Each structure stands twice: as C-alpha cells, then as structure tokens.
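In my numbering, the protein residues as written are 10 to 278. Quick reminder that beta carbons are idealized off the backbone N, C-alpha and C, glycines included. Computed from a predicted model, the values in this text were never measured in an experiment. One structure is given below, encoded as structure tokens.
Okay, here's the thing in structure tokens:
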C-alpha cells in the first residue's frame, strides 16, 4: 500500500500527455524515463493487487454427467410390468447368457443347474467357451431342456458392429437348433442409464444397443427361434432404464428385475 500512495496522479498521466504534444527530443527522453519508472512501479502494484474478474455473473456450466433437462425437471414414469410368474414353468428350461443372466440363480429365482452363464460370455465366443469345463453342447445334452432362452451381447455392443454380433447370434441359434428339439427364444439386451452411457470406463451407448437389438430381431426372423423384446419392457419413455430396474452401475439388474423378466418370458413363451 505504501507504493500505491507514492504514485501521484501526475506521475501516471502527465508524461503520456507531454509525449503526444511536445516534439523536442530532450522532452521525449525525459518522458521515456518517467514512463519507464512509473511502469516499473505499476508492475509491482499489479503483482500484489489482483484484477477484478467477477464483475459479471455467469450461469454455471452443467457438469458433463448431468442428465438432460427433461430428466431433471420431469419425474420419470413408473414401470407397470407384471412381476407374477410360476417358477415351475422354467423347470424344463435352460438360460444362456452373461453376468446379467447369472443373477437368476444368484438371487435365488432358479436353480443354478438351469443356467449356463458367466461374466463376459459373448455371441462370437459362446460356442467355443466353457463354464467349469462344460461347453454349451454338453450342457444342452445333459439338461435336455424343452425351452432355451438366450440373452447375449451386452459385453460386446460397445466394441463390435451390431450387425456382426447379430449374425453371430444367428449362427449360435442355428447350431443349437441342430442338436436339440427345444424351442429357442432370443432376448433383446436391456438398456442402460444416462450415467452409464456417460461413463468413459465402458463403451456402451444407447444407440449401439438399439442398433444391435434391431439387427438381432431381423436375423432371428430367419431362424426357428422366437425373438422376445425384453428391452422394451425395461426401458422408460426417455430411452434409458427405469430407475426401479437397474443396479448402481446402470447396466445390471436389480434383484427384483428378474421377477419382471421371468413374468414376461412365461407370458410370451
């Protein structure tokens, strides 16, 4: 503050005015010297007194993970799907899938022997994969099911072309139809949440899921299998998961969601 008070109004302004009106070389030289001295002092003052930058208020920018305004201002619609089902209906069934499908026995809805599923199982690798040393062929022959439900693709749609994956599913279905007389049902994969889609740690997007499900429905029409659109049952009007149906990761089912799944399958099988 002592440096600020030592600067008079004339120190800061008079030399500049003189340099614009006086053409004598001696005066110009004096002006340069005074301006230089004043500028040096001003720099020191500027370093200790930050400029004011908050004079104009601006609206804060929404965080990248904030949901669309429509989701913030309007409550999401509530799901109306049935949760009633008869467990015995699935006694002669076999479920093939990934980590989502494992929840059928992990939550106690079905016996583990009725489920052939593991983390990361995909349409393109299902035929060559083993679970506890057992292949799909061996599992089908051992169980001799009357109904087979397949839901695969969630692990792959973010990294592979939807049409390619759908064709892989078609080949899987054709193969299964050759080794069993069981009725085969192919399920569309579920949606995700807005936050799961915005998460850079996974490649899942709503558009990729929709592209795959559309291609899958078309491919399955050319087989003996039946396409069941579970995705539409779990999807809210905004295109994302109903809040009641997903785990915190925005991808996997809540335990109660398996009731919705089994009720839907019993009704449409």
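- Can you tell me which of the three DSSP states residue 203 falls into? Counted from its first residue, the chain shown places residue 203 at position 194. For residue 203, the secondary structure class from DSSP, reduced to helix, strand or coil, is helix.
- Query: For residue 128, which three-state DSSP category applies?
  - Reply: The sequence position of residue 128 within the chain shown is 119, counting from 1. In the structure shown, residue 128 sits in coil (DSSP, three-state: anything other than H, G, I, E or B).
- DSSP on residue 6, reduced to helix/strand/coil? No information on residue 6 is available, as it lies outside the stretch 10 to 278 that the chain covers here.
- Query: Would the beta-carbon of residue 163 fall within 8 Å of that of residue 229?
  - Reply: To locate residue 163, count along the chain shown from 1; it is residue 154. To locate residue 229, count along the chain shown from 1; it is residue 220. No; because the gap between Cβ atoms is not below 8 Å, this pair is not in contact.
- Which parts of the region 96-124 are runs of the alpha helix (DSSP H), unbroken and 4 residues or longer, counting only runs that do not cross its ends? Whole alpha helix (DSSP H) segments, 4+ residues: 108-115.
- So, are the CB atoms of residue 196 and residue 132 less than 8 Å apart? Taking the first residue of the chain shown as 1, we reach residue 196 at position 187. Taking the first residue of the chain shown as 1, we reach residue 132 at position 123. Residue 196 places its beta carbon 8 Å or farther from that of residue 132.
- Query: At what residue ranges does the region 140-188 contain a whole run of the beta strand (DSSP E), taking only runs of 3 or more?
  - Reply: Entirely contained in the region 140-188, the beta strand (DSSP E) runs reaching 3 residues are, in chain order, 156-160.
- Query: Name the DSSP beta bridge partners of residue 228, please?
  - Reply: Here residue 228 refers to the residue found at position 219 of the chain shown. DSSP, once it has assigned bridges, lists no residue as partnering residue 228.
- Does the pairing of the region 237-245 with the region 175-190 give three or more beta-carbon distances under 8 Å? In short, these stretches do not touch, since the Cβ pair count stays below three.
- Would residue 124 pass as a contact of residue 111 if the rule is Cβ separation under 8 Å? The sequence position of residue 124 within the chain shown is 115, counting from 1. The sequence position of residue 111 within the chain shown is 102, counting from 1. In contact: residue 124 and residue 111 (Cβ atoms closer than 8 Å).
- Query: Should residue 221 be labelled buried (16 or more other beta-carbon atoms within 10 Å of its own) or exposed?
  - Reply: Within the chain shown, the letter at position 212 stands for residue 221. Around the beta carbon of residue 221, a 10 Å sphere encloses 16 or more other beta carbons of the protein chains shown; the residue is thus reported as buried.
- Query: Buried or exposed: which applies to residue 231, given that a residue is buried once 16 or more other Cβ atoms fall within 10 Å of its Cβ?
  - Reply: In the chain shown, counting from the first residue as 1, residue 231 sits at position 222. Residue burial annotation: residue 231 is exposed, with fewer than 16 other C-beta atoms found within 10 angstroms of its C-beta.
- Query: Is the region 135-152 touching the region 198-215 in the sense that three or more CB pairs, one from each, lie closer than 8 Å?
  - Reply: They do not touch, by the three-pair rule.
- Item | Selected residue, minimal CA-CA separation from residue 179, among 113, 103, 169 and 193 | Here residue 179 is taken as the residue at index 170 of the chain shown, counted from 1. Looking at the Cα atoms, 193 is the closest of the given residues.
- Task: Using the Cα positions of residue 87 and residue 171, report the straight-line distance between them to the nearest angstrom.
- Result: Working through the chain shown from its first residue, we reach residue 87 at position 78. Working through the chain shown from its first residue, we reach residue 171 at position 162. Computed Cα separation, rounded: 30 Å.
- Using three-state DSSP, classify residue 233 as helix, strand or coil. On the chain shown, residue 233 is found 224 positions in, with the first residue counted as 1. The answer is coil: DSSP assigns residue 233 none of H, G, I, E or B.
- Under the DSSP definition of a beta bridge, which residues are partnered with residue 244? In the chain shown, counting from the first residue as 1, residue 244 sits at position 235. BP columns for residue 244 point to 250.
- Message: Using only CA atoms, which one of 215, 151 and 158 lies nearest to residue 166?
- Response: The residue you call residue 166 lines up with position 157 of the chain shown. For the set 215, 151 and 158, the Cα lying nearest the Cα of residue 166 is the one of 215.
- Message: Give me, in chain order, the residues of the same chain whose beta-carbon lies closer than 7 Å to that of residue 154; leave out the 5 immediate sequence neighbours on both sides.
- Response: Counted from its first residue, the chain shown places residue 154 at position 145. Within the same chain, 101, 102, 103 and 191 come within 7 Å of residue 154 by CB-CB distance, once the 5 residues on both sides are set aside.
- Message: Since residue 119 and residue 128 should fall inside the 8 Å C-beta cutoff, what is the C-beta to C-beta distance between them, to a whole number of angstroms?
- Response: As a position in the chain shown, residue 119 is number 110, starting the count at 1. As a position in the chain shown, residue 128 is number 119, starting the count at 1. The Cβ separation is near 18 Å, so there is no contact.
- Distance, Cα to Cα, residue 245 vs residue 156? Sequence index remark: in the chain shown, residue 245 carries index 236 (1-based). Sequence index remark: in the chain shown, residue 156 carries index 147 (1-based). For residue 245 and residue 156, the distance between alpha carbons rounds to 29 Å.
- Message: Pop quiz: residue 269 and residue 92 are said to be a contact at Cβ under 8 Å. What is the actual Cβ separation, rounded to whole angstroms?
- Response: Position 260 of the chain shown, counted from the start, is the residue given in the question as residue 269. Position 83 of the chain shown, counted from the start, is the residue given in the question as residue 92. 6 Å between Cβ atoms; contact.
- Whose C-alpha, out of 274, 271 and 267, is nearest the C-alpha of residue 116? Within the chain shown, the letter at position 107 stands for residue 116. Comparing Cα positions, the closest option is 267.
- Any C-beta of chain D under 8 Å from that of residue 186: Checking the listed chains, one finds no chain D in this structure; it contains a single protein chain.
- Task: Evaluate residue 255 with the Cβ neighbour count: other Cβ atoms within 10 Å of its Cβ, from every protein chain shown; 16 or more gives buried, anything less gives exposed.
- Result: Against the chain shown, residue 255 aligns to sequence position 246. It is buried - the Cβ of residue 255 has at least 16 other Cβ atoms within 10 Å.
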